[in-house]
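Chains as they are written, first to last, in my numbering: chain X, 115 to 419; chain S, 10 to 303; chain P, 458 to 964.
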């Protein structure tokens with residue numbers, strides 16, 4: 115177990131390194147950091163001065179390792195745009211995104227797993243049809259359209275919820291629905307498929323023959339096995355939400371890490387983007403690690419070698 | 010499960026055909042997809058106007074069912090006066106290309122990686138897990154932005170970018186499914202008998218993971234199509250004046266609260282395509298493994 | 458109307474009965490104006506942001522020595538009661554007595570000297586550099602008298618001192634610097650800041666101790682809240698649901714429809730921003746069709762500017778023929794012009810050796826639909842384009858490094874009402890200059906440095922005529938801004954695109 119954990123940690127470090135290097139390179143290729151830092155109205159002289167001052171004329175590898183060194187010591191630098199510490203900036207914005215992500219994935223799971231199970235128990239029934247329809251809607255509806263429609267209906271028309279901002283828990287209701295709804299279809303479909311397969315296997319038939327009551331069969335045996343790929347997927351979906359909430363955060367003016375990431379990318383705010391990517395990749399690593407652990411617990415045959 | 014699958018391979022062609030045509034979902038899905046493909050193929054014949062022709066004097070005319078509309082432009086005109094119906098028809102080409110192209114590329118990459126990782130475990134698994142985590146940690150928008158900045162935004166670029174970015178779910182699901190299957194008795198049996206790895210993968214692993222594969226493939230096809238719309242929203246997808254449905258949706262966004270048909274029309278088209286793909290995916294899965302139905 | 462009024466009124470009634478507050482943000486009833494802007498401010502400190510919203514806030518929270526009247530363009534005394542040109546490079550100011558900063562600090566010469574010397578030091582990185590790089594230092598001549606020593610003749614000095622250059626409190630800023638100012642701004646202006654959530658939301662309260670003799674006048678509205686909402690539809694939804702009382706930069710098609718619904722006040726005002734086409738006349742990007750003046754003139758004739766203004770730009774925008782905005786000092790429309798004439802364009806192209814047109818890269822960063830309309834015009838005369846639509850930073854990057862032989866850009870001159878703020882920026886041999894014409898550079902140099910108004914006008918006219926005549930750049934149209942706000946608000950936009958909330962009041 116210890117060996118496994120160490121291995122995963124080493125892997126984690128390698129991932130973070132690779133990702134940060136790739137993104138560093140990509141950002142470099144698509145913009146000139148001296149101009150980004152100098153701002154919109156700087157003159158030639160200003161830009162040159164900044165280039166010298168911050169060492170932007172050094173080779174890219176040197177600059178990368180410089181950043182890496184400082185990041186390893188906990189110093190993520192200062193944002194080119196806000197001139198404040200990147201770590202402080204991220205610390206300020208991340209909680210909103212985390213809250214949104216946790217609520218959204220919870221909503222998605224609570225919505226999709228029961229639906230997937232119900233659809234699998236009665237295939238081709240009304241429930242199955244509804245599940246399919248909702249699943250397709252979840253994929254085909256552009257999230258910005260869904261978000262704005264909810265706003266128009268629930269906020270403008272019915273005045274039930276606030277339109278935008280992040281002051282109260284009410285402000286998170288619509289964003290949770292929009293973001294969670296986006297993740298739901300995959301989880302639902304996979305649950306349904308998994309359940310369908312498992313329900314027709316030998317050991318389920320055996321369990322039934324043994325006279326075990328249907329709910330026991332369902333949950334203790336069937337769901338446990340069917341859920342395995344779903345757990346992995348849910349981890350992926352949750353991670354996706356951390357970064358993929360850009361549209362939701364933009365529309366609901368939530369000012370979280372997703373919105374910050376997009377704005378920073380377009381503003382060529384290199385340190386902020388690098389910092390965010392580092393944080394996100396660390397989350398993914400932790401998430402996939404836990405997903406694998408959960409899977410191993412669910413099915414002891416999956417021994418991680 | 011294993012016994013039934015061996016039985017499946019012996020099923021005749023004829024009965025697959027009857028099962029196909031008898032399955033309601035798959036027929037509806039296939040019908041819609043074929044209809045859209047036909048529209049895409051015969052676009053020049055079907056479209057009443059040139060989808061690129063601008064006319065600043067006839068901007069934002071609503072569809073014919075509105076009092077301000079006319080039959081001249083059945084589905085109205087967009088913000089540059091281009092005929093919406095013609096753009097919708099030509100847009101079918103682009104959405105289909107994107108959906109199939111991206112799903113194909115990402116499916117190939119992801120399945121190979123996931124199955125390899127699940128089956129061989131050990132170092133292969135480590136490498137694949139590493140690659141998956143790296144890919145998940147990379148923000149799609151950053152890669153798309155950088156690619157567009159360096160190479161420019163064309164349809165081929167978009168399909169390639171989507172294909173190279175959407176394999177993660179394939180890999181993740183294929184890996185965990187393969188992990189499950191690998192520990193099954195019949196696999197151990199096949200190994201004991203001395204079957205070659207290739208044969209085991211083909212005859213034992215693949216048929217049993219293919220159901221999940223189809224589910225993910227249909228999801229990713231739809232995902233690619235919708236993602237293109239999201240990228241267009243950010244200016245990183247297909248570039249104007251190309252009439253992609255996703256781009257039409259994002260171009261109509263500013264008028265959303267006033268002339269909702271600008272978004273609804275291509276939105277419905279996208280919805281139908283995604284629905285059809287899903288129906289077909291589900292149906293194909295049902296048909297090829299019918300014993301999974303109760 | 459998008460939302461069914463009858464139905465929603467019924468629901469509304471039921472909800473009120475159920476005790477759910479629907480008037481949480483009603484502006485007038487709690488004397489709070491809720492404003493939405495579309496971008497995050499880097500910093501509320503005036504010298505560390507460059508967005509227009511920063512300019513708006515700076516007029517609310519701080520004052521300058523002078524103040525330009527938006528209607529008459531006169532320079533009125535504000536923190537300075539009088540000024541004098543001692544010689545062409547030296548300015549003296551008499552300062553107003555009895556003014557206090559929001560934190561109680563007294564305003565006097567120390568503040569002016571400190572502010573101006575702080576800004577003049579390039580190590581402090583005040584933005585934008587061109588606002589602060591034209592004087593060497595400021596000296597204190599008395600408790601209420603200062604002297605400003607310019608580096609060279611700089612006729613726009615008063616323009617800058619009456620707008621973007623605002624006075625900071627020396628004790629507070631000396632101790633807390635930009636970081637402190639960014640979190641808790643202190644100024645002498647008609648509004649004081651009560652809360653700062655960087656990038657998200659700023660709250661302001663009327664400053665009761667504002668000096669009554671200010672040309673800005675005392676504020677009427679008691680509280681203002683400025684929030685960043687990036688998505689335009691969300692801004693509209695907030696306006697419709699009453700969460701926001703005032704928005705601007707509304708898209709023309711949206712503004713038109715809001716106006717016709719009649720529930721909100723919609724106003725339009727011209728701005729100093731103009732659009733232009735820039736050509737690689739000198740071959741910075743290598744040999745390309747733009748090197749030839751006939752090609753440039755052909756392109757000028759091929760664009761249907763009137764049509765685009767009428768259909769797309771709308772509002773109070775006009776076609777401009779000179780590379781400046783008509784109200785700017787030195788701007789004249791008496792220059793060579795190009796009518797919309799595709800036939801002539803094709804002829805010119807054939808003369809230049811392109812009877813079948815050619816393909817060219819074309820860059821833009823905003824107003825994609827205008828760009829597409831222009832591309833359509835170009836296609837009609839045989840010119841096809843490889844269109845690159847980039848974010849502003851990437852666009853500016855590419856243009857300034859010589860990578861854009863043909864691009865569509867705009868310039869707002871930071872609302873500086875002087876030709877030097879635009880024409881000189883683009884045609885004085887700088888990074889955006891793709892012609893570097895010696896004659897133009899010479900004339901602009903004369904205009905930029907002379908203090909004689911007539912000499913300046915003549916020089917600028919010569920430069921502008923040559924720019925238009927040789928089509929080094931092709932001026933397109935002026936921009937306008939749409940404002941939409943609650944009927945409870947009495948607000949009037951100004952042509953310099955700097956909304957003055959301190960003059961707004963409740964109906």
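Beta carbons: idealized from backbone N, C-alpha and C, even for Gly.
Which residues DSSP lists as bridging residue i, in chain order
{"i": "residue 841 (chain P)", "result": "P:816"}
{"i": "residue 503 (chain P)", "result": "Residue 503 (chain P) pairs with nothing; no bridge assigned."}
{"i": "residue 658 (chain P)", "result": "P:654, P:684"}
{"i": "residue 705 (chain P)", "result": "P:940"}
{"i": "residue 734 (chain P)", "result": "P:865, P:931"}
{"i": "residue 786 (chain P)", "result": "P:875"}
{"i": "residue 489 (chain P)", "result": "P:680"}
{"i": "residue 127 (chain X)", "result": "Partner(s): none; residue 127 (chain X) has no beta bridge."}
{"i": "residue 542 (chain P)", "result": "P:548"}
{"i": "residue 803 (chain P)", "result": "Residue 803 (chain P) is not bridged to any residue."}
{"i": "residue 725 (chain P)", "result": "P:939"}
DSSP three-state assignment for residue i, whether helix, strand or coil
{"i": "residue 217 (chain S)", "result": "helix"}
{"i": "residue 1 (chain S)", "result": "This structure leaves residue 1 (chain S) out entirely; chain S is present only between 10 and 303."}
{"i": "residue 135 (chain S)", "result": "helix"}
{"i": "residue 948 (chain P)", "result": "coil"}
{"i": "residue 240 (chain S)", "result": "helix"}
{"i": "residue 792 (chain P)", "result": "coil"}
{"i": "residue 593 (chain P)", "result": "strand"}
{"i": "residue 49 (chain S)", "result": "helix"}
{"i": "residue 221 (chain X)", "result": "helix"}
{"i": "residue 932 (chain P)", "result": "strand"}
{"i": "residue 341 (chain X)", "result": "helix"}
{"i": "residue 478 (chain P)", "result": "At residue 478 (chain P), the pLDDT of 36 sits below 50, so the modelled position is not reliable; the number obtained from the coordinates is stated separately. Coil."}
{"i": "residue 525 (chain P)", "result": "strand"}
{"i": "residue 599 (chain P)", "result": "strand"}
{"i": "residue 584 (chain P)", "result": "coil"}
{"i": "residue 955 (chain P)", "result": "coil"}
{"i": "residue 93 (chain S)", "result": "helix"}
{"i": "residue 16 (chain S)", "result": "Residue placement at residue 16 (chain S) is flagged as unreliable, the pLDDT there being 44, under the threshold of 50; the coordinate-derived value follows with that caveat. It is helical."}
Residue i: CB within 7 Å of a non-hydrogen atom of the ligand ADP
{"i": "residue 527 (chain P)", "result": "For the ligand ADP, the structure offers nothing, since it holds no ligand at all."}
Proximity winner among the options, relative to residue i (alpha-carbon distances)
{"i": "residue 138 (chain S)", "options": "S:103, S:146, S:126", "result": "S:126"}
{"i": "residue 718 (chain P)", "options": "P:848, P:697, P:531, P:600", "result": "P:697"}
{"i": "residue 225 (chain S)", "options": "S:291, S:168, S:26, S:166", "result": "S:291"}
{"i": "residue 59 (chain S)", "options": "S:83, S:235, S:96", "result": "S:96"}
{"i": "residue 605 (chain P)", "options": "P:592, P:786, P:963, P:616", "result": "P:592"}
{"i": "residue 602 (chain P)", "options": "P:568, P:739, P:792", "result": "P:568"}
{"i": "residue 492 (chain P)", "options": "P:832, P:686, P:928", "result": "P:686"}
Where residue i meets chain P, residues with beta-carbon distance less than 8 Å
{"i": "residue 289 (chain S)", "result": "The contacting residues do not exist; residue 289 (chain S) stays about 34 Å from chain P at best."}
Under 9 Å by beta carbon: chain X residues contacting residue i
{"i": "residue 684 (chain P)", "result": "278, 279, 367"}
{"i": "residue 691 (chain P)", "result": "261, 262, 265, 277, 278, 364, 365, 366, 367"}
Residue i: contacting residues in chain P (beta-carbon distance under 7 Å)
{"i": "residue 270 (chain X)", "result": "460, 694, 697, 698"}
{"i": "residue 69 (chain S)", "result": "710"}
Under 8 Å by beta carbon: chain X residues contacting residue i
{"i": "residue 280 (chain S)", "result": "250, 251, 254, 255"}
Within chain S, partners of residue i - CB distance below 9 Å
{"i": "residue 413 (chain X)", "result": "188, 189, 192"}
Under 8 Å from the C-beta of residue i: neighbouring residues of chain S
{"i": "residue 129 (chain X)", "result": "139, 142, 143, 146"}
Test: residue i CB closer than 8 Å to a CB of chain A
{"i": "residue 200 (chain S)", "result": "Note that chain A does not occur in the displayed structure, where the protein chains are X, S and P."}
Query raised in the report: Touch check for the stretch 304–321 of chain X and the stretch 154–161 of chain S: three-plus C-beta pairs under 8 Å?
Result: No, they do not touch.
Requested in this report: Would you be able to state if there are at least three C-beta pairs under 8 Å between the stretch 338–347 of chain X and the stretch 246–259 of chain X?
Outcome: As far as the Cβ criterion goes, the stretch 246–259 of chain X does not touch the stretch 338–347 of chain X, which means the pair count is below three.
Query raised in the report: Counting pairs of beta carbons, one from the stretch 497–504 of chain P and one from the stretch 639–646 of chain P, are three or more of them closer than 8 Å?
Result: yes
Query raised in the report: Is there contact here, the stretch 214–223 of chain S with the stretch 283–302 of chain X, by at least three beta-carbon pairs under 8 Å?
Result: no
Query raised in the report: Are the stretch 932–949 of chain P and the stretch 702–717 of chain P in contact at 8 Å, needing three or more beta carbon pairs?
Result: Yes, they touch.
Report task. Taking 8 Å as the threshold, find out whether the stretch 641–655 of chain P comes into contact with the stretch 514–534 of chain P through three or more Cβ pairs. Result -> yes
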